[in-house]
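Notes for the one structure printed next.
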Amino acid sequence: MNVKNNIILAMDLMDILDSYEVVEKIYPYIDTLKIGYPLTLAEGIKSIKFFKENFDLKIICDYKVADIPETNSKIADLSFGAGADAIISHGFIGKDSVEACVDIADSYGGDVFLLTEMSHDGAKMFLQQVSDDIAKMGVEMGIKNYVAPSNRLDRLSEIRNIIGKDSFLISPGVGTQGGNPKDTLKYADALIIGRYIYEADYPEKTITNIIDFFDWLVFKCFEF
Ligand code: 2OM
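Residues 48 to 271 in my numbering are what the sequence shown lists, from first letter to last.
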């Protein structure tokens, strides 16, 4: 998946019109939107179609699918059937359950992102101990897309090592959760940013500031 300006907007506002207003403001700078349970449960799965019809955007459904294979197939089928381009599946559920998502994704020509480790503190209790194994399972399964946290760079870097340079890695936790865009992009292909942009007084200014900073970095790399 290509992501314009390496930024995925995590749209977790719970009102479709408020969401629309933010997306409209920053639409020139993004082509990929992540929606999850907050918006879907508030406004329905039709939220996917709403954004697809109003904007030319790729939609990643962050439903963190984590059930038995048969149920995962239904969740994936509903998501892709509603217009999703990709879904996020938990990895800890194991191969058969992840495979169910992959099979449905393949039938629609869509993608599955495998969630390896999470960005919140509680992830250290259980998930962190198995996240390397989850990434290894993804590699064995031939999965190309992964999610890992931006606010734990040592973990992000280790997961990049496991999945290899040709896999596509997206990273949440930038901004409000403490992750830094510049450091994150040393290991990740795209940043997932939510509140830092959609709660900003001027979302357009906020996103252009982030992008200008990337340009400045590229310029500096060529300069020295
Ligand atoms: O938002 C960050 C976004 O990424 C939210 O939609 C979270 O649900 C999601 N997210 C994480 N950490 C994870 C996995 C998960 P904000 O924050 O480990 O920028 O407002 O903090 C994900 O992307 O799968």
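Just so it is clear, CB atoms sit at the ideal spot from N, CA and C, and this is done for glycine as well.
Contact check for Val194 against Thr223 fails: the beta carbons are separated by 8 angstroms or more. Burial is judged here by how many other beta carbons sit within 10 angstroms of a residue's own beta carbon; Gly225 has fewer than 16 and is exposed.
One alpha carbon belongs to Pro219, the other to Asp59, and they sit about 13 angstroms apart. In terms of side-chain proximity, the C-beta atom of Gly138 is found no nearer than 7 angstroms to any non-hydrogen atom of the ligand 2OM. Judged by pairs of C-beta atoms under 8 angstroms, the segment 78-90 does not touch the segment 112-124, as fewer than three such pairs exist. Taking 3 residues as the minimum length, the beta strand (DSSP E) runs contained wholly in the segment 104-189 are 105-112, 133-137, 158-162, in order along the chain. Not one heavy atom of the ligand 2OM falls within 7 angstroms of the beta-carbon of Tyr110. For the set Ser154, Thr118, Glu71, the Cα lying nearest the Cα of Phe98 is the one of Glu71. Using a Cβ-Cβ distance cut-off of 8 angstroms, the segment 147-154 and the segment 200-207 are not in contact, since fewer than three pairs of beta carbons, one from each stretch, lie closer than that value. Remark: C-beta atoms of Asp132 and Lys96 do not approach each other more closely than 8 angstroms.
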